[in-house]
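Here's the structure we're looking at; comments come further down.
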Amino acid sequence: MSNYIDYFNAKLEVFYENNKSIFLKKVGIGLMCGLRVKDSDTLNDIIISAKKNGVMVLKAGRNTLRFLPAMTITKEEIDEGFTSLNHAISSL
141 MSNYIDYFNA
151 KLEVFYENNK
161 SIFLKKVGIG
171 LMCGLRVKDS
181 DTLNDIIISA
191 KKNGVMVLKA
201 GRNTLRFLPA
211 MTITKEEIDE
221 GFTSLNHAIS
231 SL
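Position one of the sequence shown corresponds to residue 141 (my numbering), numbered consecutively onward.
Listed below in structure tokens is the structure:
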């Protein structure tokens, strides 16, 4: 299981590094983590766009994009989710 946690976090780190113009920092531990967004309007736009692209993400606090994938998530699902999330971000 920790293999999937490590894999998810590695993918999240790459996503964060590639989108530092939007995200301020990575927060949380394990699969319960998030990315702080520069402002709440951008966060709302990301959530709407992500849902349109088939990715369920949540809001935590005023400006955190929250991830909480299932403990049964596969590497393929992680890859698919980040591909869709990248499409969501690029359409902003």
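Where a beta carbon is used, it is the ideal one built from N, C-alpha and C, also for glycine.
Shown here, Thr182 sits in a helix according to DSSP, grouped into three states.
Around the C-beta of Asn203, 16 or more other C-beta atoms lie within 10 Å, and the residue is accordingly described as buried. Contact annotation, Leu208 with Leu164: C-beta distance approximately 20 Å; criterion of less than 8 Å not satisfied. Residue pairing of Lys199 in beta bridges, as defined by DSSP: Leu205. Buried is the label assigned to Leu183, since at least 16 other Cβ atoms lie within 10 Å of its Cβ.
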